[in-house]
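Going down the list, the protein sequences come from chains X and A. If you use my numbering, the first sequence corresponds to residues 63 to 859, in order. If you use my numbering, the second sequence corresponds to residues 78 to 368, in order. One structure is given below, encoded as structure tokens.
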Amino acid sequence: MTAVQEPKTVTFDDNDQKPVGFGRMLRKEDPRLLRGRGRFVDDIQLNGMLHLAILRSPFAHARIVSIDTSAAEAYPGVRAVVTGAALAELGLAWMPTLSNDVQAVLATDKVRFQGQEVAFVVADDRYAARDALELIDVEYDVLDPVIDVRKALAPEAPLIRDDLEGKADNHCFDWETGDADETEAVFARADVIVKEDIVYPRVHPAPMETCGAVADFDAVEGKLKLWSTTQAPHAHRTLYAIVAGLPEHKIQVIAPDIGGGFGNKVPIYPGYVCAIVGSIVTGKPVKWMEDRSENLISTGFARDYIMRGEIAATRDGKILAIRTNVLADHGAFNGTAAPVKYPAGFFGVFTGSYDIEAAYCKMTAVYTNKAPGGVAYACSFRITEAVYLVERIVDCLAAELDMDPAELRLKNFIQPDQFPYETKTGWVYDSGNYEPTMRLAMDMAGYADLRKEQEEKRARGELMGIGISFFTEAVGAGPRKNMDILGLGMADGCELRVHPTGKAVVRLSVKTQGQGHETTFAQIIAEEIGIPPADIEVVHGDTDQTPFGLGTYGSRSTPVSGAAAALVARKVRDKAQLIASAMLEVTVADLEWTKGSFHVKGDPGKAVTIQEIAMRAHGAGDLPDGVEGGLEAQICYNPSNLTYPHGAYICVVDVDPGTAQVKVRRFIAVDDCGTRINPMIIEGQVHGGLTDGVGMALMEMISFDEDGNCLGASLMDYLIPTALEVPDWETGYTVTPSPHHPIGAKGVGESATVGSPPAIVNAVVDALKPYGVRHADMPLTPSRVWDAMNGRATPPI
Amino acid sequence: MQVPAPFEYERATSVDQAIGLLERLGSSARLVAGGHSLLPMMKLRLANFEYLIDINPLHAELGYIRSGSDEVRIGALTRHRELLESDELAAAFPIFRDAERVIADPVVRNRGTLGGSLCQADPSEDLSAVCTTLDASCVIRGPGGAERVVTMKEFHVGPYETAVGDGEMLTEIRLPLRSGGGSAYEKVERRAGDWAVVSAGAAVWLAADGTIADARVGLAAVGPNTTGIPEISAALRGHEPAEELYQEAGAIAARSCDPATDTRGSADYKRHLADELTRRTLRKAVQRARS
């Protein structure tokens, strides 16, 4: 069932030899993007367009005493100044979040994090708008902030959410999964128990393009056109209809080219709503484009979990149970974007790739005076945190047992004949074959030789580390029976039309932010109906042009929308077969499909191509009884389960004993995402995710001082890695198709971001073994590594 | 998008015309050279100047590296890239190429200048440490062509503060040439192109008998100012280069500096780096002096 890759020579087929279907081909969108001809939100220019700038709170927690906007209103070029009080009169001061909480569009009573939206200015140009912000006089009564998440529930902690009726503390929610008693019983009889406090610090997706919108409200037609940086245009349209009371058919949300999302562009931000209000108030199109600092301090962060991990095992290394207690920092508003029944996202897969007897998780989520968010940065709905926890604690166990971490993992894998496998927290892994993937990674790495080299180096006082992580992801949300966002089922529509000349247009509900949908989806259609990818136009990102669906995040495009595309193509092919039978004057049963044409069984010369069928479908003359003209179909696909990609990653690091600097020397990534549609695009996604992992493991963190000032408010302070921090990635693959996905594909967009941080941290901890280090938290900056070497590793928060 | 407050802009036509403008406009005006520190600060509105005087048109006049018999003179508008690529400079002072290789990125190095770096006077600035290590002097020109020459110690008044007055301009940096010299620079950064967590420069001059005739160490990012450490020079002078000597110098460096804990690292770690990097650069500088 699992195919292991052959040794390969990588060739980048040019588009003259592109495959009709799956295979390596250059991306259709790249000529546009690489030549600077992409069209992003900030490229939108409309006649008479005005510019909007937002005044943000300098304080983490303060009561607003008064706001004087008179000087700003008098500034040349200013068209409108709007405060929370003005929005309150329109009933728009608060909006729902994607987690059934509310968030202030503009603060009316208090500001609850530094960078929170307080007022906005609309002016003739962005300079005047920005100048006028400085003329708005806000008097604040500064309050004590809640910054240390561990103190958020202390009785003396200041109350953040006094806007919520009856709220007396900073508690956000509790959540648990698994069986506490059963897990306790297993722990009680275990030979070995290892505990470790593991922090996944707050990080930020920092997409290259910041968030922004152009709102154009046409008062005559009553229609709102909104270009915005959104990964989920349809979901946003429905929410605007609910928030603003505009009829849904009078709202058109357009996501043009998007310069990276990583979950940062899933939520609805106050800025989008401000742009809409700005356009309604002024009667003109209004553009809002946040700057880099605004993006970093106010938009959706990621992670921020403080985890106590516990693992129980036998002395010979059989893992029995995993237990964890999590304290989750959700910021000032619960802005998590996750299916409603999953407040902690898919953290429940923290049992990893191992066949164990019991598991339990207890989580407490709290409010703090920090920006909202939580689910972002390619986390697959919190699987980053889950995989980091299990892969770190398994390494701690290996150290405790003095067992090789590869051997420990191999000993505990869920076996191929156990799939579909139901975990102790209720997740049904659709398929998997872990050992070949792990063995391939070890072969590519030369694992035994690496261990030998490490031994020699240690003897010389050199610090070399080898880190492993093995992950199973759960992606492709999701079955509508138990997954929805604010009542919207997580299914995806798809429409395919074949034109008379055999060219086609496919309309998707998902939206690329750089993943290459215009190529991948054309290839899926091409594989099914034999029309070359170049002849297939992929339309996406415009709610007036595409069927409803929940958008692109959580690696769901290929598992959900990709399935929809394959199935809609099959519907078209079925109709094409009826027409072909009339053209060839045989029964449908006498036809055989080879990619791109039907021929009469046993007579390959008697054939009609899909292009000929398309012309016939639109042409003159009768069609078979009951067959309508045209060649098109539509579908809405509801997945029966998530897909479960997996992978084995091995990282080799060198640590300078004098300066404690970490150098990632090698990184081997073997991914299994089932059927591979375009290997080049998959490799690109893996490369990006691995780079993310280097960033999180070694340098990225959004931290705060005790007053709640964000210390990561620019790319000078919040570091993201460059090509110089990463090695040449060594990628490989195995193929274990998903049994329930029509083409056997699984999502891969977030695998590397999920899987790489533990491999890197495990490698650094392994390098520091001579210093007796068993755990050190990210980010492993030189200073923090040096602390660990000196026996005083501390959590970053 | 970050946008600056309103300001007026003028391109300089000569050094004296630029100084004339500075004299007339006073502290409301600022020179812009490479602009890689000033413009971000203006866009963030941390710096608001009414007038910018662009001296990039003066590059032909102020962008040069000239070696004489007893000193190397570098024009204030010489760009990082020119410093990095100058074989002449690398031969005389290898510390320059060491440092330039780890300053920012090629885009910044194409524009940023030596004079701009020194005048920005950021305590983490690499070229200030290099110039301190090499005992550079700075030529400051004022109204009417009057020139004064100051040492690096005099030049650095405090963080982001220099001896250059409102109506003045840094025009040249002079590096004394002495025989038997070797130099090196080391920087620890969290990521390529980042500001230093700590960096150190060392220069040694060996006497004919192989002993250290003179030595200087300059540190960056370990206190409010980039300064030399005279105590290290005193400890090294007259001695045979040896590992124990470097250790002693490192220990002096660690206790002479005054680092602060911040997101780049703890004060303890920075102190450790001052020690470690002082030893490393001295070792390399001696190797180079010998070869």
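Just so it is clear, CB atoms sit at the ideal spot from N, CA and C, and this is done for glycine as well.
- Against chain A, the CB of X/Thr721 has a partner CB under 8 angstroms away; the residue lies at that interface.
- In the three-state DSSP reduction, X/Ser360 falls in the helix class (H, G or I).
- Not one beta carbon of chain X lies nearer than 8 angstroms to the beta carbon of A/Tyr141.
- In this structure, the CA atom of X/Ser161 is about 47 angstroms from the CA atom of X/His680.
- CA-to-CA, the gap between X/Val343 and X/Gln178 works out to about 22 angstroms.
- Within the DSSP bridge table, the entry for A/His233 names A/Thr239 as partners.
- Taking every protein chain shown into account, the CB of A/His349 has 16 or more other CB atoms within 10 angstroms, so this residue is buried.
- Within the model, the alpha-carbon separation for A/Arg268 versus X/Ser493 is close to 40 angstroms.
- Contacts with chain X at 8 angstroms (Cβ-Cβ) include A/Met78.
- Look at the stretch 271 to 287 of chain A: the residues with a C-beta under 7 angstroms from a C-beta of chain X are Asp271, Val274.
- In chain order, Thr843, Pro844, Ser845, Arg846, Trp848 make up the part of chain X whose C-beta sits under 9 angstroms from the C-beta of A/Gly342.
- DSSP assignment within the stretch 420 to 450 of chain X yields the following whole beta strand (DSSP E) runs of 3 residues or more, N-terminal first: 420 to 428.
- Within the DSSP bridge table, the entry for X/Phe475 names X/Tyr416 as partners.
- The beta carbon of X/Met761 sits closer than 8 angstroms to some beta carbon of chain A.
- Residue-level contact check: A/Glu353 touches chain X, since one or more beta carbons of chain X fall below 8 angstroms from its beta carbon.
- Interface residue (Cβ-Cβ distance to chain A less than 8 angstroms): X/Arg188 is classified as such.
- Within the stretch 754 to 809 of chain X, the beta strand (DSSP E) runs of at least 3 residues that lie entirely inside it are, in chain order, 791 to 797.
- If you check each beta-carbon in the stretch 342 to 369 of chain X against every beta-carbon of chain A, the ones closer than 8 angstroms belong to Met351, Asp353, Arg354, Ser355.
- By the C-beta criterion, the stretch 127 to 134 of chain X is judged to be in contact with the stretch 192 to 205 of chain X, since at least 3 inter-stretch pairs fall below 8 angstroms.
- Among the residues of chain A, those whose CB is under 8 angstroms from the CB of X/Pro783 are Arg268, following chain order.
- With a threshold of 8 angstroms between beta carbons, X/Ser290 makes no contact with chain A.
- In the DSSP annotation of this structure, the continuous segment of the beta strand (DSSP E) that includes X/Phe660 starts and ends at 659 to 662.
- Under the 10 Å beta carbon count, A/Thr288 is surrounded by fewer than 16 other beta carbons and is classified as exposed.
- In its chain, beyond the 5 residues on either side, Thr272 have a beta carbon closer than 7 angstroms to the beta carbon of X/Asp353.
- Nearest CB-CB separation between A/Ala82 and chain X: below the 8 angstroms threshold.
- Interface annotation for the stretch 766 to 783 of chain X against chain A: Leu773, Asp779, Leu781, Pro783, criterion Cβ-Cβ distance under 7 angstroms.
- Under the Cβ distance rule, A/Leu161 does not count among the residues neighbouring chain X, no pair being separated by less than 8 angstroms.
- The C-beta distance from X/Gly414 to X/Val449 rounds to 7 angstroms, short enough to fall under 8 angstroms.
- Membership of X/Val343 in the alpha helix (DSSP H) is indicated by the continuous run 332 to 344.
- In the DSSP assignment, X/Gly817 falls within the unbroken alpha helix (DSSP H) covering 813 to 829.
- For a Cβ distance threshold of 7 angstroms, residue set Val80 of chain A lies close to X/Arg192, ordered along the chain.
- For X/Glu599, the enclosing beta strand (DSSP E) begins and ends at 598 to 601.
- DSSP lists X/Arg370, X/Lys424 as the bridge partner or partners of X/Asn387.
- Here DSSP, grouped into helix, strand and coil, assigns X/Gly688 to coil.
- DSSP places X/Trp848 within a helical segment (H, G or I) once states are collapsed to three.
- Out of X/Leu288, X/Val567, X/Asp391, X/Ser617, the CA that lies nearest to the CA of X/Lys346 is found in X/Leu288.
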